[in-house]
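Below is one structure, written out as structure tokens; comments come after it.
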Amino acid sequence: MKATGIVRRIDDLGRIVIPKEIRRTLHIRESDPLEIYTDREGQIILKKYSPIGEMTTFAKQYAESLAQVSGHVALIADRDQFIASAGGCRQLVNQSVSKQLEEKINNRETILATKGDRNFINICDVAGVEYQHQAIAPIICEGDIIGSVVLLENNARGKMGEVEQKLVLSAAGFLGRQMEH
159 MKATGIVRRI DDLGRIVIPK EIRRTLHIRE SDPLEIYTDR EGQIILKKYS PIGEMTTFAK
219 QYAESLAQVS GHVALIADRD QFIASAGGCR QLVNQSVSKQ LEEKINNRET ILATKGDRNF
279 INICDVAGVE YQHQAIAPII CEGDIIGSVV LLENNARGKM GEVEQKLVLS AAGFLGRQME
339 H
């Protein structure tokens, strides 16, 4: 554990303010759920809660099915990082999503693009991840954005179209509904 040197008091309603610098560093946004842990030494630990992270095994299996059916790289991310990959790009698992992807997902945008298009985005900041085509859809659960489904293709002659767009939309819809139960 790393000491920050910041001390805060609990108010009369039992609330404590997490400093802006810490929220920014840890990508904690307003209304983000935090899980509370305690240990025997009396420490209270707050951890960002990822609802989709709870179903990592299911997400991996779903990504594998999606990659197999589509023939493309399939990725599933929560709001902060990639949690499952199939068909390639395994180095992205546990890597942060790019600011561009985060912004598009927060705006509930569905993307179908080829490199060079105006709406083509960088999905991560990891070097060596190359792709020419992308299809991306936000995962929405009970009205909240909880992640995204991404299909990637590196073959310049390949093309993504309506089929891939429908695949990511249906995958995102299915995962969102699974989280509601």
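Counted the way our numbering counts, the sequence shown spans residues 159 to 339. Every residue gets a Cβ at the ideal spot worked out from N, C-alpha and C, and that includes glycine.
Exclusion of the five residues before and after GLN290 leaves THR272, LYS273, GLU311, ASN312, ASN313, ALA314 and GLY316 as the residues of its chain whose Cβ lies within less than 8 angstroms of its Cβ.
For GLN336, the enclosing alpha helix (DSSP H) begins and ends at 320-338. Per the DSSP secondary-structure output, CYS247 pairs with nothing in a beta bridge. Taking 3 residues as the shortest admissible run, the segment 219-302 contains the following complete beta strand (DSSP E) segments, listed from N- to C-terminal end: 231-236, 240-244, 269-272 and 291-299. In this structure, ILE279 is the residue among GLY246, ILE279 and GLU300 with its C-alpha nearest to the C-alpha of VAL255. When the alpha-carbon of SER208 is set against those of GLY331, SER306 and VAL321, the nearest one is in SER306. In the DSSP assignment, THR183 falls within the alpha helix (DSSP H) that extends over 178-183. Around the C-beta of PHE332, fewer than 16 other C-beta atoms lie within 10 Å, and the residue is accordingly described as exposed. Your pair ILE269 and GLN292 checks out as a contact, with CB atoms roughly 6 angstroms apart and the cut at 8 angstroms. About 46 angstroms separates the Cβ atoms of ALA225 and GLY200, ruling out a contact at the 8 angstroms cut-off.
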